[in-house]
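Colleague:
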Amino acid sequence: MTSVRPDQLERTLTEQDTGDGDGGPGPLIATLVAAAVAAVVVGLTSVVHPLAPLGAVLAIVLIGLIWRRPLVASVVVASVVPAMAGLGRDFPVPGFKLSELLLVVCLVPLLVRRLGRWRRINAVDVSLAAVAVFGLVVGVVNGIRGDLELAVLLRDALFPAFTFATWWVVSRGISSRAETNVVLRWVLLVSMVPALLGLLQFVDAPGVRDMLLTSVGSGLQPEPGELTPRITGPFTIAHSLGGYLVVPLLIAAVLLLRDNTEVLRRRGLVAVLAIDTAALVLSVTITTLLWVIVGFLVAAVVVGRFQRGFIALVLGAALCTALFWPSLVARYEQQTTPTSATGMSDGVVPQTLAFRIQVWQNDYIPLLAEAAPLGLSVGPNDVAFKFTESQYITLILRGGVGLLLVTAISLIVLARRSWRAARMEDGSVRAASAAVFGVLVFLPVACLIWPYVTNAGTPQSLFAAAGAVVGLAGSRPEPAVARQLAIRRRLGASA
Numbered sequence: 001m002t003s004v005r006p007d008q009l010e011r012t013l014t015e016q017d018t019g020d021g022d023g024g025p026g027p028l029i030a031t032l033v034a035a036a037v038a039a040v041v042v043g044l045t046s047v048v049h050p051l052a053p054l055g056a057v058l059a060i061v062l063i064g065l066i067w068r069r070p071l072v073a074s075v076v077v078a079s080v081v082p083a084m085a086g087l088g089r090d091f092p093v094p095g096f097k098l099s100e101l102l103l104v105v106c107l108v109p110l111l112v113r114r115l116g117r118w119r120r121i122n123a124v125d126v127s128l129a130a131v132a133v134f135g136l137v138v139g140v141v142n143g144i145r146g147d148l149e150l151a152v153l154l155r156d157a158l159f160p161a162f163t164f165a166t167w168w169v170v171s172r173g174i175s176s177r178a179e180t181n182v183v184l185r186w187v188l189l190v191s192m193v194p195a196l197l198g199l200l201q202f203v204d205a206p207g208v209r210d211m212l213l214t215s216v217g218s219g220l221q222p223e224p225g226e227l228t229p230r231i232t233g234p235f236t237i238a239h240s241l242g243g244y245l246v247v248p249l250l251i252a253a254v255l256l257l258r259d260n261t262e263v264l265r266r267r268g269l270v271a272v273l274a275i276d277t278a279a280l281v282l283s284v285t286i287t288t289l290l291w292v293i294v295g296f297l298v299a300a301v302v303v304g305r306f307q308r309g310f311i312a313l314v315l316g317a318a319l320c321t322a323l324f325w326p327s328l329v330a331r332y333e334q335q336t337t338p339t340s341a342t343g344m345s346d347g348v349v350p351q352t353l354a355f356r357i358q359v360w361q362n363d364y365i366p367l368l369a370e371a372a373p374l375g376l377s378v379g380p381n382d383v384a385f386k387f388t389e390s391q392y393i394t395l396i397l398r399g400g401v402g403l404l405l406v407t408a409i410s411l412i413v414l415a416r417r418s419w420r421a422a423r424m425e426d427g428s429v430r431a432a433s434a435a436v437f438g439v440l441v442f443l444p445v446a447c448l449i450w451p452y453v454t455n456a457g458t459p460q461s462l463f464a465a466a467g468a469v470v471g472l473a474g475s476r477p478e479p480a481v482a483r484q485l486a487i488r489r490r491l492g493a494s495a
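Read in order, the letters of the sequence shown are residues 1 to 495 in the UniProt record's numbering.
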């Protein structure tokens with residue numbers, strides 16, 4: 001009689017439970033019909049852009065791949081979508097980003113494919129869904145009673161829904177630990193692409209800046225030959241690049257800290273860590289640099305490697321300081337040089353922080369009382385600086401105190417679940433969960449300085465990684481599956 005290992009049985013039963021087998025021709029036919037209709041619609045947009053028909057064909061191919069193997073959706077949304085989140089809107093469909101369209105293409109077949117085999121809903125699902133619904137409602141209400149442009153309405157009202165979809169697709173496309181490792185592997189490897197683009201931008205490689213300007217849009221920094229260049233990669237601002245890289249960088253660092261090679265071999269983890277760290281340091285954003293330091297130390301404590309982690313952090317910081325000293329010094333001098341905009345005369349407060357304080361006092365704090373119930377129905381047209389520079393102010397302006405509260409609750413719920421996974425799970429899931437928890441611990445501080453949760457980079461990277469490691473962690477199999485697993489384990493123990 002052929003013996004079956006418990007892990008093989010668990011994987012087989014889990015795949016059966018999550019619906020990776022044949023789901024019958026009905027849903028497949030319905031999905032293909034929907035894809036054909038979508039192809040016709042997208043094909044009609046060829047009048048807007050000639051590449052739209054090609055995009056429709058690629059979308060149909062991707063839908064077919066996801067139908068056969070739902071893991072494809074998790075891989076694409078966890079790795080490719082965050083890396084493309086900084087690309088400009090209106091390509092190929094007006095009003096939307098390519099990353100948002102790719103997310104929807106991955107969501108639809110996965111949703112149809114698993115309609116009859118839902119995994120148990122957890123607290124993160126509920127809290128993120130509440131943010132999505134609340135954000136959509138207040139966005140529509142403010143759009144109806146105000147004069148917000150369609151592009152602004154789409155950005156504000158649909159962004160929480162896209163965030164929830166990111167979490168849901170990644171968490172529901174995975175059905176085993178092995179698949180979690182596959183997704184994490186792609187997350188780490190793909191993260192090197194934006195990082196390398198940023199490094200090429202730093203050395204002003206021929207054609208790179210023009211390519212980024214074409215794909216990202218106006219406002220790209222830095223200008224060629226600027227004294228203190230800050231790389232942005234395929235994002236419009238250094239904050240977005242840094243916020244995107246924090247997540248894969250910390251995952252790679254904690255995996256190395258625990259000597260875990262389930263996701264990548266050691267040399268692969270070192271390569272990811274080196275390239276992502278170089279790009280993050282050259283973005284020269286104090287917030288994201290502190291984010292990595294605090295997040296790594298928190299994760300090291302959670303996984304029981306604080307002493308080793310502290311030594312590694314000191315050595316890494318010394319190496320980065322030696323390698324990138326000119327850029328760091330130039331940024332420091334820029335931060336401590338008084339400017340007429342900030343009104344600072346002694347240079348004690350960093351000039352960018354002083355400027356933020358001035359913007360908040362003069363422009364946005366007076367608007368908070370009006371925006372507290374449901375947000376503003378019109379844009380703050382009378383402000384001198386159009387960017388709030390704070391996540392808390394942004395959320396209140398978009399949806400009032402209610403949107404701020406439900407968003408905070410969802411992040412607390414996610415932090416609690418990642419903490420539990422980091423304490424109860426093992427292997428790569430424990431390491432990655434600790435990294436996610438470390439990111440979430442510093443997130444409230446980072447959001448004081450910049451709206452990381454509602455901008456490209458951080459939310460896609462964070463919620464995708466969380467969906468990969470926390471979405472499956474702690475989930476219990478259905479009763480029938482649990483009984484068979486228990487029987488198999490008892491037989492194995494008595495043998």
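Backbone N, C-alpha and C fix where the C-beta goes; we use that ideal spot for every residue, glycine too. Nothing here was measured: the structure is a model prediction, and the numbers come from that model.
#1: Consider the C-beta atom of I237 and the heavy atoms of the ligand ZN; say whether any pair is separated by less than 7 Å.
#2: Consult DSSP for R120 and reduce its assignment to one of helix, strand or coil.
#3: Using the Cα positions of A205 and V193, report the straight-line distance between them to the nearest angstrom.
#4: According to DSSP, is R69 helix, strand or coil?
#5: Inspect the CB distances between the region 418-438 and the region 245-260 and report whether three or more fall short of 8 Å.
#6: Measure the CB-CB distance between L462 and T180 and report whether it falls below 8 Å.
#7: Which residues does DSSP pair with R89 in a beta bridge?
#8: How close, in whole Å, do the beta carbons of A422 and V170 come, if the pair is a contact with beta carbons under 8 Å?
#9: Let me make sure I understand the geometry here. Which of S410, F324, V81 has the alpha-carbon closest to that of V284?
#10: CA-CA distance, P6 and L196?
#11: For A369, does the count of other Cβ atoms within 10 angstroms reach 16, so buried, or fall short, so exposed?
#12: Output the distance between the C-alpha atoms of V298 and V406, rounded to the nearest integer angstrom.
#13: Sort A279, V187, V208, L404 by Cα distance to L264 and report the nearest one.
#14: Got a sec? Which residues, its chain only, sit under 6 Å from F442 by beta carbon, not counting five neighbours each side?
#15: Look at the alpha carbon of G374 and the alpha carbon of F159, and state the distance between them as a whole number of angstroms.
#16: Alpha carbon to alpha carbon, how far is P92 from D125? Give it in angstroms, no decimals.
#17: Look at the alpha carbon of I121 and the alpha carbon of V413, and state the distance between them as a whole number of angstroms.
#18: Roughly how many whole angstroms lie between the Cα atoms of P451 and V137?
#19: Go ahead and pull the three-state DSSP assignment for Y332.
#20: Might you give, ordered along the chain, the residues of its own chain that have their beta carbon closer than 7 Å to the beta carbon of V141, omitting 5 neighbours on each side?
#21: Could you pull out every unbroken beta strand (DSSP E) segment of at least 3 residues lying fully inside the region 171-250, listed in chain order?
#22: Would D276 be called buried (16 or more neighbouring beta carbons within 10 Å of its own) or exposed?
#23: Could you tell me whether the region 389-406 touches the region 254-274, where touching means 3 or more Cβ pairs closer than 8 Å?
#24: Tell me the start and end of each unbroken alpha helix (DSSP H) in the region 432-471 that is at least 4 residues and wholly inside, in chain order.
#25: Quick check on this structure: which residue in G95, R69, I286, P109 has the alpha carbon closest to the alpha carbon of V445?
Modeller: A quick look at the data gives this:
#1: Within the structure as shown, the ligand ZN is missing, as the structure has no ligands at all.
#2: coil
#3: Going from the Cα of A205 to the Cα of V193 covers about 15 Å.
#4: coil
#5: yes
#6: no
#7: K97
#8: Not quite, the Cβ-Cβ distance comes to about 18 Å (not below 8 Å), so this is no contact.
#9: F324
#10: Its pLDDT being 45, under 50, P6 is placed unreliably in this model, and the value from its coordinates should be taken loosely. For P6 and L196, the distance between alpha carbons rounds to 42 Å.
#11: exposed
#12: 25 Å
#13: V187
#14: W291, V294, G295
#15: At residue 374 the sequence reads Leu, which differs from the Gly that was named. Per the coordinates, the alpha-carbon of L374 lies some 17 Å from the alpha-carbon of F159.
#16: Rounded to the nearest whole angstrom, the CA to CA distance from D125 to P92 is 30 Å.
#17: 13 Å
#18: In a straight line, the C-alpha of P451 is about 21 Å away from that of V137.
#19: In the structure shown, Y332 sits in a helix (DSSP, three-state: H, G or I).
#20: L374
#21: none
#22: buried
#23: no
#24: 458-469
#25: Comparing C-alpha distances from V445 to each of G95, R69, I286, P109 shows the shortest one belongs to I286.
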